[in-house]
Amino acid sequence: MAITAAQVKELRERTGAGMMECKKALVETDGDIEAAIENMRKSGQAKAAKKAGRTAADGVIVIKTSPDSKKAAIVEVNCETDFVAKDENFKSFADAVAERVLNSDVTDIESLMALPLHEGEDTTIEEARQALVAKVGENMNVRRFERISTSGILAHYQHGVRIGVLVDIDADSDLGRDIAMHVAASNPVCVDEAGVPADMLAKEREIVETQAKESGKPDNIVEKMVEGRMRKYLSEITLKGQPFVKDPDTTVGKLLDSKGASIHGFIRFEVGEGIEKKVEDFREEVMAQAAAARSE
């Protein structure tokens with residue numbers, strides 16, 4: 003049967019696929035739009051599987067908070083390039099995923115991916131991801147998320163789309179945002195000395211002790227050198243010990259004390275941290291992409 007422009011238009015709007023792909027799918031199903039959608043979803047899954055091995059180290063951080071700032075979610079959704087990270091379809095997908103995290107009780111990625119992307123719809127987050135992979139031609143995934151609640155407030159700050167911070171704090175929203183901004187800029191390990199991992203502390207002490215002993219000074223002087231360097235180290239890695247970014251003459255701890263505020267914790271996500279991204283020269287990258295296109 004003849005395929006009309008209206009049928010192609012409807013299929014494009016419902017799938018987001020290209021015009022030629024839509025027309026081909028309709029020809030194969032004799033104009034049955036529902037059957038075409040089913041076949042295209044199957045095709046999308048095949049394409050997504052082909053791209054699953056490619057490194058997705060770019061992407062966005064999305065934060066969602068409840069109206070009363072008592073509950074919040076932070077999510078990292080990855081893709082391969084910053085070009086796709088700026089794509090409206092990708093950003094819309096990431097935004098919807100973060101909304102589902104905020105308004106669900108899932109605790110792991112597998113359970114999250116099985117949820118509908120939008121409340122009341124049948125398409126799951128995983129199915130939507132696969133369809134988007136097929137459309138944009140890049141691997142992408144929901145890498146991680148956190149959801150927290152508090153009796154205080156959950157302040158947040160985002161530096162573009164690549165760094166996001168949530169801060170659990172008893173303070174006004176302006177101070178909370180300032181502290182979140184500081185965490186984004188200074189990347190502390192933890193709130194205070196009590197939160198520093200024991201193995202991290204032991205390793206640093208071993209290093210500074212070795213350095214101090216190499217000075218050849220008496221043991222009592224070496225001991226003072228070690229303690230001084232450890233104090234400096236702790237001031238650099240703990241939130242309360244760091245100089246406040248907006249006023250380096252005071253520490254975050256002193257700022258909190260002066261405001262009668264207390265901080266219970268923070269979460270900082272940065273796109274791609276901990277992911278090893280394969281580096282290829284430009285010629286090899288182009289050739290690899292061309293070969294992948296031919297295989298599809």
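Position 118 (the sequence shown) corresponds to 120 in our numbering; numbering is contiguous. Cβ coordinates follow ideal geometry from the N, Cα and C atoms, glycine included.
Check	Outcome
Where GLU140 sits in the DSSP three-state scheme	coil
Chain B contact for ALA100 (CB, 8 Å cutoff)	In the displayed structure, chain B is absent; only one protein chain is listed.
Best match in HIS158, GLU82 and ALA187 for proximity to VAL144 [C-alpha to C-alpha]	GLU82
Cβ shell of LYS234 (< 8 Å), same chain only, five flanking positions each side left out	none
First and last residue of the uninterrupted beta strand (DSSP E) at ASP84	From DSSP, ASP84 is part of no beta strand (DSSP E) but of the alpha helix (DSSP H) over 84-87.
According to DSSP, residues forming a beta bridge with LEU156	ASP170
Residues near ALA48 in its chain [Cβ-Cβ closer than 7 Å; skip 5 each side]	Annotation note: pLDDT 43 at ALA48 (below 50); position unreliable, coordinate value reported separately. Correct list: empty, nothing qualifies.
Cβ distance (whole Å) where ALA116 is taken to contact THR126 below 8 Å	6 Å
Of the listed residues HIS266, GLY122 and GLY243, nearest to GLY255 (C-alpha basis)	GLY243
Residue range of the unbroken beta strand (DSSP E) whose run includes VAL79	73-81
Whole-angstrom distance between THR31 and LYS11, CA atom to CA atom	16 Å
Exposure of ILE277, with buried meaning 16 or more beta-carbon neighbours within 10 Å	exposed
Residue of GLY162, LYS72 and GLU36 minimising C-alpha distance to ALA87	GLY162
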